[in-house]
Every structure is written in C-alpha cells, then in structure tokens.
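So the structure is just underneath, and the comments pick up after that.
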Amino acid sequence: MGRLTLDDLKKIKEKQKATFTLREGGYRAKVTVHMGTCGIAAGARNIMTALMDEISKTGTEDVITTTSGCAGLCAREPMATVEILNTPPVKYGDLTDAKIREIFKEHIQGGTPVDKYAVVVGSETTY
Amino acid sequence: MEKVRANLLMCAGTGCVASGTPKVRNALQAELEKQGLANEIKIVLTGCNGFCAEGPVMLVYPEEIFYQRLTVEEVPKLVEEHFLKGRPYEKLMFKDLEKRHAIPLMNDIPFFKHQVLRVLRNKGLIDPDRLDEYIARDGYMAAAKALNEMTPEDIIKTIKDSGLRGRGGAGFPTGMKWEFASKSQADQKYMLCNGDEGDPGAFMDRSVMEADPHSVIEGMIIGARAIGATKGVIYVRAEYPLAVQRLQKAIDDCLEAGLLGKNILDSDHTFHLEIYLGAGAFVCGEETALMRSIEGQRGMPRPRPPFPAHKGLWDKPSVLNNVETLAQIAPIILHGAEWYRTLGTEKSSGTKVFALTGDIKNVGLVEVPMGIPLRTIIYDIGGGIKKRNKKFKAVQMGGPSGGCIPENLIDIPVTYEDVVKTGAIMGSGGMVVMDEDTCMVSTAKFFLEFTADESCGKCTPCRVGTRVMLDMLTDITEGKGKEGDIETLQDLSRDIISTSLCGLGQTAPNPVLSTIRYFKHEYEAHIKDHWCHAGICSNLCSFHISEELCKGCQACFRACPQQAIVGEKKKAHRIIQELCIQCRSCYDACKFASIEIKPAIRKDKPELVSKDEGVTK
Amino acid sequence: MKPRGDHNIRICLGTACYVKRVEESLNKIKDTLKIDVGDVTEDRKFSLETVRCLGACGLAPVMVIDEETYGAVTPKKVLEIIKEYAGEAAVSNKR
Chain A
30 MGRLTLDDLK
40 KIKEKQKATF
50 TLREGGYRAK
60 VTVHMGTCGI
70 AAGARNIMTA
80 LMDEISKTGT
90 EDVITTTSGC
100 AGLCAREPMA
110 TVEILNTPPV
120 KYGDLTDAKI
130 REIFKEHIQG
140 GTPVDKYAVV
150 VGSETTY
Chain B
10 MEKVRANLLM
20 CAGTGCVASG
30 TPKVRNALQA
40 ELEKQGLANE
50 IKIVLTGCNG
60 FCAEGPVMLV
70 YPEEIFYQRL
80 TVEEVPKLVE
90 EHFLKGRPYE
100 KLMFKDLEKR
110 HAIPLMNDIP
120 FFKHQVLRVL
130 RNKGLIDPDR
140 LDEYIARDGY
150 MAAAKALNEM
160 TPEDIIKTIK
170 DSGLRGRGGA
180 GFPTGMKWEF
190 ASKSQADQKY
200 MLCNGDEGDP
210 GAFMDRSVME
220 ADPHSVIEGM
230 IIGARAIGAT
240 KGVIYVRAEY
250 PLAVQRLQKA
260 IDDCLEAGLL
270 GKNILDSDHT
280 FHLEIYLGAG
290 AFVCGEETAL
300 MRSIEGQRGM
310 PRPRPPFPAH
320 KGLWDKPSVL
330 NNVETLAQIA
340 PIILHGAEWY
350 RTLGTEKSSG
360 TKVFALTGDI
370 KNVGLVEVPM
380 GIPLRTIIYD
390 IGGGIKKRNK
400 KFKAVQMGGP
410 SGGCIPENLI
420 DIPVTYEDVV
430 KTGAIMGSGG
440 MVVMDEDTCM
450 VSTAKFFLEF
460 TADESCGKCT
470 PCRVGTRVML
480 DMLTDITEGK
490 GKEGDIETLQ
500 DLSRDIISTS
510 LCGLGQTAPN
520 PVLSTIRYFK
530 HEYEAHIKDH
540 WCHAGICSNL
550 CSFHISEELC
560 KGCQACFRAC
570 PQQAIVGEKK
580 KAHRIIQELC
590 IQCRSCYDAC
600 KFASIEIKPA
610 IRKDKPELVS
620 KDEGVTK
Chain C
6 MKPRGDHNIR
16 ICLGTACYVK
26 RVEESLNKIK
36 DTLKIDVGDV
46 TEDRKFSLET
56 VRCLGACGLA
66 PVMVIDEETY
76 GAVTPKKVLE
86 IIKEYAGEAA
96 VSNKR
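Protein chains in written order, with the numbering used here: chain A, 30 to 156; chain B, 10 to 626; chain C, 6 to 100.
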C-alpha cells in the first residue's frame, strides 16, 4: 500500500465507499432483477450481468442490485424493478441486454423512467 | 473495479470456526461458482459477530438478513433460494422464542436490538485482515488528529473528560493513568496493551483482537503520543492463536503503510509495536507481574508504589491498558468527550462489553450502555434461562475475583459502583448465568480451585490460605463439613484479602464470601442436613420419584446406567437406592419434574429418611 | 513427563463449561478410557488433559480432540465422538 498520509486515508475511505454503501445502507437506487424459474429461463441472468457491467464501468457507488423471485407476470420476463429513493418503483418487462443498459443511463443515472419499456409504475399494496 | 452486489459476512471468530465456518465457507464458495454468482457475490470473513451459540452465523448485505447454524448440507438450497431467486431462506433464520416465526433482519433480533456498538463498532462489518476496510470506517483518522492537531495535554484532557475507566476490571480512570505517565520524565517510556485475558468465561478481548485488531493498535498510537512513548508491546495469551495471527498481520500492514514505525502519517512521531506471547498464567494479567513476564522473568507481582507510571517495564514509565479500553480510544478522540458521555451514567460513562454465557438462551458477546438494568441484559438480550422449566438463580460477574448476584438484586443498574455493592465486581465483563440446578457451594469451590492453582506463591496468605479454604469447601461438598466451617471460611477470607499483595489474592475469596452472603442456607444444608438441594454433590443427595407426578413414561428407566429404576409402563416408577449412584441421569431425563432431590441416605443415621422412601430391598 | 496418545483429548474447565456441567462428560471419559487427567491409555491411543477456558464459551461445554473442537458436549456425545476416533485409530493401526 505504500506509506500513507492523511490525504491517502481520505482517498481510501472514498474508494471503499461502495462496499460500505452495501453494508451500511445509504444507497440512492435499488434495482431488483426478478429471478424466478421463469425469469431465469427467459434470460434474467444476462440482464443481471449487463447491469453489473454498467455499474462497474461507470464506477457507480450508490446503486445496489438484488434479486427476487417471480414478479407474477411470467409472460413479460425477464423483468426488473428500479427504485430511486423517494420515488415510486418502476417495473420493466421484456428486457434485453441493450434495454437494461438504456434504462441504466436514462432512469438510474438520469432519473427519468423509460416509459416505453415500463410495465407498471408503483407497487402492489402489501400488508 | 470489480462490482459486487452482495456481501456475505461470515463470522470467523473462534466460536464459529469451531462450529464449522471454514467448511461452510468452502461449500458456499463452490456453490456460488457453480451457479455463476462468484463474481457478483463476495464472501468476507469477519471477526466475532457475538452470537456464538448460534454459529456458524452469516450476515447478508445489502438486505441485512441474518442466517445461523449454517451447515454444508443446507448451502445449495440457500444459494438457490436467496442468491439466485432472491427469496431469503427461512429455514436458517433466527426463530423467536415460541419458534412460531422467523426473524430475518439482524437488527430485529432481540439479542442485537438492545446493543449499542462502540468498541465492537466494526464487529462483523469488516474483514479484520484488511487495513483498507478499517480505514473506510474512519480508521486511523483519530490517530491522524491526535498526531497532527492535538497536544498530549489535549488528548489527556479529552480522555479524562470522557470519563473512560479501565475495562480490565478495576475501573481506574484511563485519562489519569495517562496523565501520571506523561508527567514522568524519562529517556524511554512504554505503551502496553493487556491482552492476557485469563478470566475463565470472558472472551471480549479475544473477540476485539480477532475482529478489529487495528482498533487496538490505533488506541495504542494515540496513548503513546499522549504519554510520550516510542515503544509498545501487546501482551497476548498464547492460547489465542487467531488473535495473535490477526494482530501480527495488522502490525505488518501498519508498518508498510507508515502507520507504525518512524514518521507516522508523515508526522515526526515514532512508535514501534511488537507482540509478546504470555503462557496464560492468570497472575500475569496483574500489571507488575505482566511487566516482569515481558522482561523475561517469572511473572510475579511486586509491591506498589512505585507505580508503573513511574517505574514500569524495564523500570521506565509505562502505561498498561486493557484491550477493550484501547478500542474505545479512537472514537472518543474523533467525536469528543461529550459524545462519549451521552451514554452511560455520571461515574460509569460509555459502553461495556459483556460475555454472556452459562444457562442462558442467547450465549454470546454483547455491548450495552452502562447503567442499563442487569435484568435487560439477562432477559431481553440473553433471552432468559435456557431450560423452560428452570428458574434463574444467580449471575456470576467478575470471574474468580467476583461474586454472584442473586435474583432479588437483578434490577440493579450495571455500573462499576452498583455492581461492587452487591459483592461482585464488574471485572473484565464475564457474566455467567446459573439456573436453579446450580450448587452454589460447588461453584465457590470451582473458583477457589482456580485461584489456588493460579496463585503465584509469593504471599503466604494467598498461597496457603486459598488451599486451606479449598480443602474446607471440598469437605463440605463431600459431606465432611463441620459446624463453624462457615465462620472459619469468612475469617480466612478477610485475612487473605487484607494481607495479599496483588489483586489475585485480594479478590480470591470473593466468590466464597458472596455465595455465603446470599446462599448461606445452602452451606448450612450441606453441613447440617447432608443435603445438596441442586443434586450436584453426589454424596449429599438422594433421588426419589414422586408417585403423583410420575407418568410411567420410562424415560428415566432408559437413562439410568445402573438399572436402578423399576416400574411398569404407565405406572409410577421407583428408584432402588442401593443401586443408585446419584448420577442425575434420571433427573435430567424426566419431562414431568417428578424426580425429587432429598438429603443423602445415611447408613449411620437411618432415622433421617422417612420410612416410605427408605432403603428398599 | 508422560507421552501423549495418538489423540489428545482436552476438556475445558472454564466457568461457562463448568456451569454447563462439563464434569459429567469428563468423568465419563475417565471411566470409559480408564485413565485420569494427565494420563495416557495403555494402548497409547488417547491422552487426557484439562484446560482453563478456551474462549469458546458460546459453545460450552467444550472438548477438543487434537485440533478439532466439539461444542455442547454431553456424556453421551463424548462417548460417541471417542468411539469414532477409536475406530479410526484401529484402522490406521492395521495399515
């Protein structure tokens, strides 16, 4: 690591931010890729891979990704839900490698939902 | 840069490693690779999580799902359900008391909910072997502040104002200790760390050294700056190999990064730090004995004064702080004395780590603000007594130097002052909970065995006195106790306390005094009635089956190694006393509490046993 | 000095283990192997030692055989574990 100065300490802290965003919370956006049996069969794995690729290429640190089960709309798989903090979640369907990359740029980074791929805005009522 | 979507923080503390973390980790890694998830999900081995009884444990981020009792067999299902399909796997979650439903989130589990983490701030959150992860959690920022922006006086004032007291047991104010040493003039001073955790039943220091070694080192760098020391030693028991390994790795990394050695963080301060392995003698936790031991001599205490702050290691001014105390330092420097005082009481500020063990449901390591009721620790965090039908009897605090706190005092606030009033001591923080099946005379004997063994032999009262007391206690537990024994034990205790040189002798009789204070009737029952109510002292009890309560389920019949139990199915059973060896197997096996413990059947005094329970042919 | 056996059994006598009645397991081992603490069996397969607190109090009572730690032991459990080692030792002797 070489000899450290106070500035180096701050730099290391900054660099490790993503890891601890994951462990301590404080993220801005959460993307859920639906990976039920149907989702996996429809290619959800590639969606996750593409998403991870975008996140690491752009050095994004405040976005976390997770998986969940079937979203209940098997016909539109692969699907993903994007939740930006304090805004309603948006579910996207019929995803492809290119589409998720576009969503990443427009919605996750830009903050504007990509209406043409959106299946539904908001979530079901839960108890 | 690799991007990971989930971190699996697996506990690699001594407890969990013994329960199987390494095997589960390997299986998990293999399964993640098999499922193509190895690049996006990372396994991190952390220090002790604290919930040792449920090990191996794992925390999944970002969801904060807590899994326990992991096994190699469950790994494929866990990976498929949670990491592939995103459905947290209920089977491995913590179950609430009634076992009705699972609690997925760590912070919802009562064991964790009541805790406030300062010393254990990084527990289970960072990889202890990685300096950068420690730095990411504000690591070494306090050292930087202390070295560059503060004078030694500033540092000492902050620590004094914080009210921090030594966590090793006696509770001496840390800031004052530092002040004395800083005022001593010498060409060389030493900053020392006491990692000789010898109190059986306490393991918080081990846990801190394993989980967050850098926090100890940072505390030492700050302390060294405050007192003007350029050299330091961490004294660790050789019985803690994992702690030694992690500390050594941390020291090596610090040397490379310029956090130890010359010109720390580009300042003109120097601090050389090394580890010294102790052989685990209890007396070496005493400061003067510890310093003799580092010097290569036999670990024996010497009279004070001179205090180590004036004449310590190699006769140079030295400060010796306990591991937990040192781990408290960095946050105090960073956030200030006022912040530290927001928790705890006027005289006992901040938090304290306790090792909760014994007959309690949630065994493990807990950190709580001082001043909270003992009851909260035992019932809310600890979950109460483990066995459903057993009652709480006492909690032992302070190990061989401490005492027992009985049920009627369980609402005291946990502070240095309040605990001492009960006759126990805060000590290093061991809390051993005992249920009604515990014999208090045997417990006192157990601790005396320990101190008699560990007495270094320098002072006669301690060397001989503890042995005499042990012999008397042994007699009492074997039915050879005499009238007046209790008074003799008390007299001897007072003598040993007032004429011993060091803490070992001065506190050795405490377990006896405190059990006599609260459980004198048990001593009397042992001596006069030959009756150990708990059924532990096998010469002083006999086992009988209650005809009303016995359901004739034959559980005791199967458990008895002597075939001393007779009776037909679904009818009350009977124990043949001549065959019984008082092994308690039937007592533990009975689900209907129908086994009664009565006084020993004495051949010399058969009248002591009523006729219906008498010797049967 | 006494030699150690092929397998060295260490029983923790720390407070937590004591409260959880490790003594019963210890006595079981003594009876079964017919040795005392500090001794080695006649066939030199097992030796028995006691230690003060291994710091694994969460798993109390604790027994360590060679490098392997066994938690929450009972007289019944220690017997099973020792039988396993005895069997294995017999196999290695045949080779």
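Glycine included, C-beta positions come from ideal geometry on N, C-alpha and C.
Start and end residues, beta strand (DSSP E) containing residue i
i: glutamate 112 of chain A; result: 109 to 113
i: valine 148 of chain A; result: 147 to 150
i: arginine 127 of chain B; result: Neither: arginine 127 of chain B is in no beta strand (DSSP E) and is coded neither H nor E.
i: glutamate 106 of chain A; result: Per DSSP, glutamate 106 of chain A belongs to no beta strand (DSSP E) and is neither H nor E.
i: alanine 403 of chain B; result: 401 to 406
Backbone secondary structure at residue i - three-state DSSP
i: methionine 102 of chain B; result: strand
i: histidine 535 of chain B; result: helix
i: isoleucine 341 of chain B; result: helix
i: leucine 38 of chain C; result: helix
i: glutamate 283 of chain B; result: strand
i: histidine 223 of chain B; result: helix
i: isoleucine 434 of chain B; result: coil
i: alanine 47 of chain B; result: coil
i: tyrosine 244 of chain B; result: strand
i: cysteine 595 of chain B; result: helix
i: glycine 623 of chain B; result: Any reading at glycine 623 of chain B needs caution, since the residue's pLDDT is 43, under 50, leaving its predicted position unreliable; the model's value is listed next. If DSSP states are grouped into helix, strand and coil, glycine 623 of chain B belongs with coil.
i: glycine 412 of chain B; result: strand
i: alanine 65 of chain C; result: coil
i: lysine 361 of chain B; result: strand
i: valine 92 of chain A; result: strand
i: isoleucine 52 of chain B; result: strand
i: proline 470 of chain B; result: helix
i: proline 382 of chain B; result: strand
i: valine 62 of chain A; result: strand
i: isoleucine 604 of chain B; result: strand
Whether residue i touches residue j by CB criterion (9 Å)
i: glutamate 73 of chain B; j: asparagine 116 of chain B; result: yes
i: leucine 510 of chain B; j: cysteine 471 of chain B; result: yes
i: glycine 439 of chain B; j: alanine 211 of chain B; result: yes
i: serine 451 of chain B; j: isoleucine 545 of chain B; result: yes
i: lysine 166 of chain B; j: methionine 185 of chain B; result: no
i: threonine 61 of chain A; j: alanine 109 of chain A; result: yes
i: leucine 365 of chain B; j: isoleucine 414 of chain B; result: no
i: arginine 96 of chain B; j: serine 97 of chain A; result: yes
i: isoleucine 258 of chain B; j: glutamine 197 of chain B; result: It should be noted that the sequence gives lysine, not isoleucine, for residue 258 of chain B. Cβ distance not < 9 Å, so lysine 258 of chain B and glutamine 197 of chain B don't count as in contact.
i: lysine 325 of chain B; j: threonine 424 of chain B; result: no
Any chain B beta carbon closer than 9 Å to residue i
i: serine 97 of chain C; result: Unreliable positioning characterises serine 97 of chain C in this predicted model, as indicated by a pLDDT of 43, which lies under 50. The coordinate reading is nonetheless provided below. Chain B, which has no Cβ nearer than 9 Å to the Cβ of serine 97 of chain C, makes this no.
i: alanine 61 of chain C; result: yes
i: valine 78 of chain C; result: no
i: leucine 33 of chain A; result: yes
i: tyrosine 90 of chain C; result: no
i: threonine 141 of chain A; result: no
i: threonine 154 of chain A; result: Confidence is the limiting factor: at threonine 154 of chain A the pLDDT is only 48, short of 50, which leaves the residue's position unreliable, though a coordinate-based value still follows. Closer than 9 Å: no.
Residue range of the unbroken alpha helix (DSSP H) whose run includes residue i
i: proline 250 of chain B; result: 250 to 265
i: threonine 497 of chain B; result: 494 to 508
i: methionine 300 of chain B; result: 296 to 303
i: lysine 50 of chain C; result: Neither: lysine 50 of chain C is in no alpha helix (DSSP H) and is coded neither H nor E.
Interface flag, residue i vs chain A, CB-CB below 9 Å
i: arginine 14 of chain B; result: yes
i: glutamate 622 of chain B; result: Its pLDDT being 47, under 50, glutamate 622 of chain B is placed unreliably in this model, and the coordinates cannot settle the point.
i: alanine 21 of chain B; result: no
Cutoff 9 Å: residue i Cβ touching any chain C Cβ
i: alanine 364 of chain B; result: yes
i: glutamate 416 of chain B; result: no
i: phenylalanine 401 of chain B; result: no
i: glycine 393 of chain B; result: no
i: alanine 3 of chain B; result: Nothing can be reported for residue 3 of chain B: it is not among the residues displayed for chain B, which extend from 10 to 626.
Contact between the stretch 442 to 455 of chain B and the stretch 397 to 416 of chain B is defined here as three or more beta-carbon pairs at a separation below 8 Å; is this criterion met? Contact check between the stretch 442 to 455 of chain B and the stretch 397 to 416 of chain B: three or more CB pairs, one atom from each, fall below 8 Å, which counts as touching.
Would the stretch 38 to 47 of chain B and the stretch 49 to 61 of chain C be scored as touching if the rule is three or more Cβ pairs under 8 Å? Too few Cβ pairs lie closer than 8 Å, so no.
Evaluate the contact criterion for the stretch 182 to 191 of chain B versus the stretch 382 to 389 of chain B: three or more CB pairs, one atom per stretch, below 8 Å. The stretch 182 to 191 of chain B vs the stretch 382 to 389 of chain B: no contact.
Indicate whether the contact test is met: 3 or more Cβ pairs, each with one atom in the stretch 332 to 339 of chain B and one in the stretch 198 to 205 of chain B, closer than 8 Å. The stretch 332 to 339 of chain B vs the stretch 198 to 205 of chain B: in contact.
Mind the definition here: the stretch 54 to 69 of chain A touches the stretch 24 to 36 of chain B only if three or more C-beta pairs lie below 8 Å; say whether that holds. The stretch 54 to 69 of chain A is not in contact with the stretch 24 to 36 of chain B.
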